[in-house]
Amino acid sequence: MIGLPYFWLLLFFFIPFLYVFQISFSTPILAQPPYSKILNLSGDFSNWLQATLDNYLFLLEDNLYWVSYLKSVKVAFISTLICLLIGYPLAYGIARAPRQKRHILLMLVILPFWSSFLLRVYAWMGILSKNGLINSTLVGLGLIDKPLAILYTDVAVYLGIVYTYIPFMILPLYASIEKLDSSLSDAASDLGANRWQRFFDITLPLTKPGIIAGSLLVFIPAIGEYVIPTLLGGIDSLMIGRTLYDEFFLNRDWPLASAVATILLLIIVLPIMWFQRNQQRTN
Amino acid sequence: MSRSSTFIFSWMCFGFAFLYIPIFVLIIFSFNNSAIISVWGGFSTRWYYELFQNEQIIEACLLSLKIAAISATFATILGTMAGIAVSQFQRFRGRLLFTGLLGAPLVMPEVITGLSLLLFFISLQELIGWPSSRGANTITIAHITFSMAYVAVIVQSRLTSMDKSLSEAAMDLGARPFQVLFDVTLPIIAPAMISGWLLSFTLSLDDLVIASFTAGAGASTLPMVIFSKIKLGVTPDINALATLIISIVGIGVFTAGYILHRQKSLTKIIR
Chain A
2 MIGLPYFWLL
12 LFFFIPFLYV
22 FQISFSTPIL
32 AQPPYSKILN
42 LSGDFSNWLQ
52 ATLDNYLFLL
62 EDNLYWVSYL
72 KSVKVAFIST
82 LICLLIGYPL
92 AYGIARAPRQ
102 KRHILLMLVI
112 LPFWSSFLLR
122 VYAWMGILSK
132 NGLINSTLVG
142 LGLIDKPLAI
152 LYTDVAVYLG
162 IVYTYIPFMI
172 LPLYASIEKL
182 DSSLSDAASD
192 LGANRWQRFF
202 DITLPLTKPG
212 IIAGSLLVFI
222 PAIGEYVIPT
232 LLGGIDSLMI
242 GRTLYDEFFL
252 NRDWPLASAV
262 ATILLLIIVL
272 PIMWFQRNQQ
282 RTN
Chain B
583 MSRSSTFIFS
593 WMCFGFAFLY
603 IPIFVLIIFS
613 FNNSAIISVW
623 GGFSTRWYYE
633 LFQNEQIIEA
643 CLLSLKIAAI
653 SATFATILGT
663 MAGIAVSQFQ
673 RFRGRLLFTG
683 LLGAPLVMPE
693 VITGLSLLLF
703 FISLQELIGW
713 PSSRGANTIT
723 IAHITFSMAY
733 VAVIVQSRLT
743 SMDKSLSEAA
753 MDLGARPFQV
763 LFDVTLPIIA
773 PAMISGWLLS
783 FTLSLDDLVI
793 ASFTAGAGAS
803 TLPMVIFSKI
813 KLGVTPDINA
823 LATLIISIVG
833 IGVFTAGYIL
843 HRQKSLTKII
853 R
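Protein chains in written order, with this note's numbering: chain A, 2 to 284; chain B, 583 to 853.
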């Protein structure tokens, strides 16, 4: 029962990642495959290990990578915040809706998730483009003279990420709001707490697990996002997923791409560890 | 209605409009006679006709469906095994690594999963000559790997809510472990396995990044073909394709939801 899935994961998940880690310490060469072996067992024993930190040093030196990492973190963070602000009242409304309606409303939240992700991003291209729906409406109404540039800007990237990942925010929020005991809020109101006090002192702290889970579910995939910045962002929208992809496929610098991937993984592991420590504390 | 519930209500209207307006726009413009996306040139189904003439898309669609069906099936088998293993056996050697590996594909960025699998396949080919070429086979392996993690999570959560005493009772009555598995555990987790299969199928159909890394030059899946087309801009035949996909998924989800809902109310009546 354990053996087969264990073996599969080791072979196709763990070992491949060790490969990336190993290649990140090698030197790019003009060959097939385009990197040097770091273990040189055949030659002189004194220099059998030919690992190099050059790729990581290059990442530190070249501005491009810093900018990409910071930009990714920033975009992911702001998108998560927007998802939370839009999603919380929505999840609250669904959780407080009559029982029969709740089922349908939840299904309506999940439904877009089941249809193709790529096509949902594409839908925004048609709306935001130069002669798209928004611009032709605004021009038609005479509100603006010439179309606004929305597609291929950061605004479009934020819109795309929020649109794509908001179901992941709403579902855990809904789960934690639904569990909330409404008698607590009633008691507070009997004791004279106003609406805001009830929200900030009772509802918000008790739904914190949902907020954290939802935020991680948006933040983590948003950081490594490749498709949305490529389709909706401008040429300068350097998010790290896109930089990695280009480094690998366009520049064919495998060792550098591997180093980029290793650092990206570190950035993602940190919030997850924080989350787990947080959970252990609450248990 | 109080002030706060008016606020919540209008916020929900806004939220669902945000979720659905782009989809409706996509559908409406798939029936547009004009080639310019935002100019309405009258009702027409010409883009559907053109879509069905496009052999590249049809071929890619069939390939994607094949990969999705195969990878979902294997992912369901492996993921169910993993889910049962994690929830039934509290202690075994390497359990921590196993649970870590099982959870990791859920949070790993697609670019990293894709890159690592591609590098691994290339080295493997050098070492043992397999896989001799990259294409549908390598994409399928990659999809099994990340889908099985989702299946494992679903199965595991179903098992934790399952009554342990059922399998204990079966064992007390003399059932062998195998009988317990097939007569007690599997029927209970069957709904979880079905939703796991459906989720894996959808994830596989939807995946662009990992497929682009692992495909090599051999194969193009449907998302890869769509992506290369829409990178250049908006084309109405993709709108037609999107409309078809969204209608199939919508009808599917609503039927499944309806059946589940009816089953629940039926069991309530019986009880």
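The beta-carbon is built from N, C-alpha and C at its ideal position, and this holds for glycine as well.
Throw me the rounded Cβ distance for the S777 (chain B) and S729 (chain B) pair, which I believe falls under 8 angstroms.
Here residue 777 (chain B) corresponds to residue number 195 of the second sequence, with the count starting at 1. Here residue 729 (chain B) corresponds to residue number 147 of the second sequence, with the count starting at 1. In fact, because the Cβ distance is near 12 angstroms, the residues do not count as touching under 8 angstroms.
Between the alpha carbons of R278 (chain A) and I609 (chain B), how many angstroms are there, rounded?
Here residue 278 (chain A) refers to the residue found at position 277 of the first sequence. Here residue 609 (chain B) refers to the residue found at position 27 of the second sequence. If you take the alpha carbons of R278 (chain A) and I609 (chain B), they lie about 46 angstroms apart.
Suppose you measure from the CA of K131 (chain A) to the CA of L149 (chain A); what does that come to, to the nearest Å?
Taking the first sequence and counting its residues from 1, the one referred to as residue 131 (chain A) is at position 130. Taking the first sequence and counting its residues from 1, the one referred to as residue 149 (chain A) is at position 148. C-alpha separation (whole angstroms): 7 angstroms.
Please report how far the alpha carbon of T720 (chain B) lies from the alpha carbon of F703 (chain B), in whole angstroms.
Residue numbering aside, residue 720 (chain B) sits at position 138 when the second sequence is read from its first letter. Residue numbering aside, residue 703 (chain B) sits at position 121 when the second sequence is read from its first letter. Approximately 8 angstroms, taken between the alpha carbons.
Should the segment 9 to 25 of chain A be regarded as contacting the segment 686 to 702 of chain B, the criterion being three or more beta carbon pairs within less than 8 angstroms?
Yes, the segment 9 to 25 of chain A is in contact with the segment 686 to 702 of chain B.
Quick check: what's the CA-CA separation for F790 (chain B) versus S117 (chain A)?
To locate residue 790 (chain B), count along the second sequence from 1; it is residue 208. To locate residue 117 (chain A), count along the first sequence from 1; it is residue 116. Before going on, a small fix: residue 790 (chain B) reads as Leu here, not Phe. Between L790 (chain B) and S117 (chain A), the C-alpha separation is close to 10 angstroms.
Taking C-beta pairs closer than 9 angstroms, name the residues in chain A that H843 (chain B) reaches, listed in chain order.
Position 261 of the second sequence holds residue 843 (chain B). Per Cβ cutoff of 9 angstroms: H104.
In the structure shown, what three-state DSSP assignment does Y36 (chain A) receive?
In the first sequence, residue 36 (chain A) corresponds to position 35, counting from 1. Looking at Y36 (chain A) - three-state DSSP - the assignment turns out to be strand.
Anything in chain B within Cβ reach of F14 (chain A), meaning under 7 angstroms, just list it in chain order.
Along the first sequence, read from residue 1 onward, the residue named residue 14 (chain A) stands at position 13. By Cβ distance, chain B contributes L683, A686, P687, T727.
Rounded to the nearest angstrom, what separates R853 (chain B) and S259 (chain A) at their Cα positions?
Residue mapping note: residue 853 (chain B) aligns to position 271 of the second sequence, counting from 1. Residue mapping note: residue 259 (chain A) aligns to position 258 of the first sequence, counting from 1. With a pLDDT of 48 at R853 (chain B), under the threshold of 50, the predicted position of this residue should be treated as unreliable, and no value is reported.
Measuring alpha carbon to alpha carbon, tell me which residue in A:F26, A:L65, A:L60 is nearest L239 (chain A).
On the first sequence, position 238 is the one that residue 239 (chain A) refers to. Per the Cα distances, A:L65.
What are the residues of the segment 807 to 827 of chain B that lie near chain A, defined by any Cβ-Cβ distance shorter than 8 angstroms?
Residues I808, F809, I812, K813, G815, V816, I820, N821, L823, A824, I827.
From F598 (chain B) to R844 (chain B), what does the alpha carbon distance come to, in whole angstroms?
Taking the second sequence and counting its residues from 1, one reaches residue 598 (chain B) at position 16. Taking the second sequence and counting its residues from 1, one reaches residue 844 (chain B) at position 262. Distance between the alpha carbons of F598 (chain B) and R844 (chain B) is about 25 angstroms.
For chain A, is any of its Cβ atoms less than 9 angstroms away from the one on A664 (chain B)?
On the second sequence, position 82 is the one that residue 664 (chain B) refers to. For A664 (chain B), the answer is yes, since a Cβ of chain A falls inside 9 angstroms of its Cβ.
Please state the DSSP three-state secondary structure of F606 (chain B).
Translated into positions along the second sequence, residue 606 (chain B) becomes position 24. Helix at F606 (chain B).
What does M753 (chain B) touch in chain A if you count any residue whose Cβ is under 8 angstroms from its own?
Within the second sequence, residue 753 (chain B) is the residue found at index 171, counting from 1. Here the premise fails: no neighbours, minimum Cβ distance about 16 angstroms.
Less than 9 angstroms between the beta carbons of A772 (chain B) and V762 (chain B), yes or no?
Numbered from its first residue, the second sequence carries residue 772 (chain B) at position 190. Numbered from its first residue, the second sequence carries residue 762 (chain B) at position 180. For A772 (chain B) and V762 (chain B), no; Cβs fall outside 9 angstroms.
Counting only Cβ-Cβ distances shorter than 8 angstroms, please list the residues of the segment 779 to 793 of chain B near chain A, keeping chain order.
Taking 8 angstroms as the Cβ-Cβ cut-off against chain A, the residues of the segment 779 to 793 of chain B that qualify are T784, L787, D788, L790, V791.
If you pair each beta-carbon of the segment 824 to 835 of chain B with each one of the segment 136 to 147 of chain A, do three or more pairs fall below 8 angstroms?
The answer is no - the segment 136 to 147 of chain A does not touch the segment 824 to 835 of chain B, with fewer than three Cβ pairs under 8 angstroms.
Where do the N-terminal and C-terminal ends of the alpha helix (DSSP H) with P691 (chain B) fall, by residue?
Counting from one through the second sequence, the residue named residue 691 (chain B) turns up at place 109. Neither: P691 (chain B) is in no alpha helix (DSSP H) and is coded neither H nor E.
Starting from the N-terminal side, write out each stretch of the alpha helix (DSSP H) that is 4 residues or longer and does not extend beyond the segment 154 to 197 of chain A.
Listed in chain order, the complete alpha helix (DSSP H) runs (minimum 4 residues) inside the segment 154 to 197 of chain A are 155 to 179, 183 to 191.
What are the start and end residues of each continuous beta strand (DSSP E) run of 3 or more residues lying completely inside the segment 106 to 135 of chain A, in chain order?
Counting only runs of 3 or more, we get nothing.
Do the segment 227 to 246 of chain A and the segment 181 to 194 of chain A meet, that is, are 3 or more Cβ pairs less than 8 angstroms apart?
These segments do not touch.
Quick one: list the residues of chain A neighbouring G756 (chain B), beta-carbon separation under 7 angstroms, in chain order.
Sequence index remark: in the second sequence, residue 756 (chain B) carries index 174 (1-based). Those do not exist, as G756 (chain B) stays about 21 angstroms from chain A at its closest Cβ, beyond 7 angstroms.
Within this structure, are the beta carbons of G711 (chain B) and T796 (chain B) separated by less than 9 angstroms?
Within the second sequence, residue 711 (chain B) is the residue found at index 129, counting from 1. Within the second sequence, residue 796 (chain B) is the residue found at index 214, counting from 1. No, the Cβ-Cβ distance between G711 (chain B) and T796 (chain B) is not below 9 angstroms.
For P29 (chain A), which residues does DSSP report across the bridge?
One-based indexing of the first sequence puts residue 29 (chain A) at position 28. For P29 (chain A), which the question treats as bridged, DSSP gives the partners A:Y36.
For Q315 (chain A), collect the residues of the same chain with a Cβ closer than 8 angstroms to its Cβ; drop the 5 residues on either side in sequence, then sort them by chain order.
Beyond the ends of chain A as shown, which are 2 and 284, falls residue 315 (chain A); an answer cannot be given.
Does R853 (chain B) have its Cβ less than 9 angstroms from a Cβ in chain A?
Counted from its first residue, the second sequence places residue 853 (chain B) at position 271. Unreliable placement is indicated for R853 (chain B), whose pLDDT of 48 sits below 50; the coordinate value is still reported in the next sentence. Chain A contact via Cβ: absent.
Which residues, taken in chain order from the segment 700 to 728 of chain B, show a beta carbon closer than 9 angstroms to some beta carbon of chain A?
The segment 700 to 728 of chain B vs chain A, Cβ under 9 angstroms: L700, L701, F702, F703, I704, S705, E708, I723, A724, I726, T727, F728.
Identify, in the order they occur along the chain, each residue of the same chain with its Cβ nearer than 8 angstroms to the Cβ of S714 (chain B), setting aside the five sequence neighbours on each side.
Reading the second sequence from its first residue, position 132 is the one you call residue 714 (chain B). The answer, listed in chain order, is Q707.
Reducing DSSP to helix, strand and coil, say where N614 (chain B) ends up.
For the purposes of this step, residue 614 (chain B) is taken as the residue at position 32 of the second sequence. In the structure shown, N614 (chain B) sits in a strand (DSSP, three-state: E or B).
Taking the alpha-carbon positions, what's the P168 (chain A) to N821 (chain B) distance?
Along the first sequence, read from residue 1 onward, the residue named residue 168 (chain A) stands at position 167. Along the second sequence, read from residue 1 onward, the residue named residue 821 (chain B) stands at position 239. About 23 angstroms.
Quick one: which chain A residues come within Cβ less than 8 angstroms of I605 (chain B)?
Locating residue 605 (chain B) in the second sequence gives position 23, where the first residue counts as 1. Ordered by position in chain A, the residues that pass the 8 angstroms Cβ test against I605 (chain B) are P113, S116, R121, A124.
Where does I736 (chain B) land, buried or exposed, given buried means 16+ other C-beta within 10 angstroms?
Along the second sequence, one-based indexing puts residue 736 (chain B) at 154. Under this definition I736 (chain B) is a buried residue.
Going along chain A, which residues have a C-beta under 9 angstroms from P543 (chain B)?
Beyond the ends of chain B as shown, which are 583 and 853, falls residue 543 (chain B); an answer cannot be given.
When you compare each of A:P113, A:I273, A:V261, A:Y123 to I171 (chain A) by their alpha carbons, which one comes out closest?
The residue you call residue 171 (chain A) lines up with position 170 of the first sequence. Of the candidates A:P113, A:I273, A:V261, A:Y123, the one whose C-alpha sits nearest the C-alpha of I171 (chain A) is A:P113.
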